[in-house]
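**Student:** Offset between the sequence shown (1-based) and the numbering used here: plus 23.
Glycine included, C-beta positions come from ideal geometry on N, C-alpha and C.
Every value quoted in this text rests on a predicted model; they were computed, and no experiment measured them.
First the structure, then my questions, so here it is.
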Amino acid sequence: MAKFNRIAILFIVILQVSFFSMMTTTSSLFLINSYVYKTLTIFLITCLLLFNLIFNFNKANQIRKYHFLIMIFGWIVIYIITMWGSVLYYDQSILTTIKNSYIYIMIVLYFLLVLFFDSNKDFKFILSSFSFIGAIYSVILIIQAILEKRNIIFLDFGIYGLNPIFDSFGPMLHLIRIAGPADFISFALLLTVIKQIYFKNKHQLINFLCIIIDFLYIVFVSGTRMYMILDFVIIVFFFLTLLKKRFPALMYGILSVSLVLSTIVVPVIINLFTSGERKLSFDIRLNEIKYYFGKIFYNNWFGIGFPDAKKYDQLLHGPNNSYVYMSNGKYFVEDVGAMGIVVVFGILGIIGLLWFAYKVITALIISKNRDIMLVIILYLLMTIATLSLVDPQRIFYLFVLIYIMEFIVKKIPYKNLEESQ
24 MAKFNRIAIL FIVILQVSFF SMMTTTSSLF LINSYVYKTL TIFLITCLLL FNLIFNFNKA
84 NQIRKYHFLI MIFGWIVIYI ITMWGSVLYY DQSILTTIKN SYIYIMIVLY FLLVLFFDSN
144 KDFKFILSSF SFIGAIYSVI LIIQAILEKR NIIFLDFGIY GLNPIFDSFG PMLHLIRIAG
204 PADFISFALL LTVIKQIYFK NKHQLINFLC IIIDFLYIVF VSGTRMYMIL DFVIIVFFFL
264 TLLKKRFPAL MYGILSVSLV LSTIVVPVII NLFTSGERKL SFDIRLNEIK YYFGKIFYNN
324 WFGIGFPDAK KYDQLLHGPN NSYVYMSNGK YFVEDVGAMG IVVVFGILGI IGLLWFAYKV
384 ITALIISKNR DIMLVIILYL LMTIATLSLV DPQRIFYLFV LIYIMEFIVK KIPYKNLEES
444 Q
């Protein structure tokens, strides 16, 4: 059963990269499983969970403590209440409401992972799957970006595929920009770091190579500045953890120098996001924040909820006379990070976020793997302002992160092969 589960979860992870973009994505496939639609992913996860509950129930029936379990049930209640409010307020059917909120059913991934992937071998397999798939995808994308300069294209560059930007960018290689896979590959880099910290010196060279390859893609092909900064900080943190035990004095020295340099670097980074060619994007983001802030209590006790996307397009994406429409764009609630969650769920969203923050902090306090908890918290803090972990692109990763935190809270650090059995 364990082998079947691993093959199934590997297939689901590969779905997140659309089979490495090697096949052409049609409009029908796009609506089933793509960067913005996760219908097939949720269906397969749900089927795998039900299959295990039927044929592998003994494993799920074991008495165990779960740090996040009550919070997860609380999130389900929040989701159901908001669905009920949306049905009443917008006078729409339950099917329409589910259609516009189905992505939150991804919460079943938490139950699948914590119940049936709870051994050290399972944990290592999950981390390795993301790590190796991310590295392989990075290599493929880098090769494609280089070959494109010779008009050789072998990946899915269609409108429903990678949809690259052909204007060259970057200070060195001037390759085309393929930004879509950055979410997965940046997450894969994070999980490679976690894998190395937890399993210590095992496959160290391979892990380092995966981290380098992922970062090369982020810098030279993705061009996503937020991920460049995030991944650089994660890599620096990772090397500081390596120095901590062997050369603590050197670690504190580097940390001190880094803090001093940050006073110079931070203003430069802020300028990168607020001036030049990025000024329009920054101005749009400010207007998005102003617009959505006024919708937090749109329905009194919850926010905008789950209205029909077609009927309430202007509510969801801004009025036609908004500044962003002058720039041929739209507002997206996913662009305002954690605030977007509050905009959808209102007061319930605030409760859900505070609950999550409390559980993460207590997990840090009780965990014996604090370096892993700290790097996860670092990832969450650096993404929370501009990236929403509950949008279709990233909600899969959110529940993988909660699974990792759940796992390390109850597991002592990996020490030897016997412990992995």
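1. What separation, rounded to the nearest whole angstrom, lies between the Cα atoms of serine 161 and tyrosine 240?
2. Would you be able to state if there are at least three C-beta pairs under 8 angstroms between the segment 387-401 and the segment 415-431?
3. Answer yes or no: do phenylalanine 207 and valine 40 have a C-beta to C-beta separation smaller than 8 angstroms?
4. Which residue comes first and which comes last in the beta strand (DSSP E) that contains leucine 198?
5. Excluding sequence positions up to five away, which residues of its chain have a Cβ less than 7 angstroms from the Cβ of isoleucine 319?
6. Skipping 5 residues on each side, what residues in its chain have a beta carbon closer than 8 angstroms to that of methionine 274?
7. As an exercise, report each continuous alpha helix (DSSP H) stretch of at least 4 residues that is fully enclosed by the segment 190-277, in chain order.
8. Using 8 angstroms as the threshold, is the segment 409-421 in touch with the segment 82-95, meaning 3 or more CB pairs across them?
9. Are aspartate 336 and glutamine 115 touching if we call contact CB-CB under 8 angstroms?
10. If we count the other Cβ atoms within 10 Å of its Cβ and call it buried at 16 or more, is leucine 377 buried or exposed?
11. Helix, strand or coil: which one does DSSP assign to isoleucine 425?
12. Leucine 404: buried (16+ other C-beta within 10 angstroms of its C-beta) or exposed?
13. Would you mind sorting glutamine 167 into buried or exposed? The rule is 16 or more other CB atoms within 10 Å of its CB.
14. Is the Cβ-Cβ distance between isoleucine 427 and isoleucine 217 less than 8 angstroms?
15. Can you give the Cα-Cα distance for isoleucine 159 and phenylalanine 419, rounded to whole angstroms?
16. Taking the alpha-carbon positions, what's the methionine 106 to isoleucine 117 distance?
17. Would you report the Cα separation of phenylalanine 140 and phenylalanine 146, rounded to the nearest angstrom?
**Tutor:** Well, looking at it:
1. C-alpha separation (whole angstroms): 6 angstroms.
2. Taking 8 angstroms as the limit for Cβ pairs, the verdict is that the segment 387-401 does touch the segment 415-431.
3. Between phenylalanine 207 and valine 40, the gap from beta carbon to beta carbon is short of 8 angstroms.
4. Start and end: 198-200.
5. Apart from the 5 residues on each side of it in sequence, isoleucine 319 sits with its Cβ closer than 7 angstroms to the Cβ of Gly326, Val365, Val366 and Gly369 in its chain, given in chain order.
6. Cβ within range, chain order: Leu263, Leu266 and Lys267.
7. If only complete runs of 4 or more residues are kept, the segment 190-277 shows the alpha helix (DSSP H) at 205-222, 227-240 and 248-269, in order along the chain.
8. Contact between the segment 409-421 and the segment 82-95 is absent, because fewer than three Cβ pairs lie under 8 angstroms.
9. With contacts defined by Cβ atoms closer than 8 angstroms, aspartate 336 and glutamine 115 do not form a contacting pair.
10. By the 16-neighbour rule on beta-carbons within 10 angstroms, leucine 377 is exposed.
11. Note: isoleucine 425 maps to helix in three-state DSSP.
12. With fewer than 16 other Cβ atoms inside 10 Å of its own Cβ, leucine 404 counts as exposed.
13. Per the 10 Å Cβ criterion, buried.
14. Against a cut-off of 8 angstroms, the Cβ pair of isoleucine 217 and isoleucine 427 comes out as a contact.
15. The C-alpha of phenylalanine 419 is placed about 20 angstroms away from the C-alpha of isoleucine 159.
16. Rounded to whole angstroms, methionine 106 and isoleucine 117 show a C-alpha spacing of 8 angstroms.
17. Phenylalanine 140 and phenylalanine 146: Cα-Cα distance of roughly 7 angstroms.
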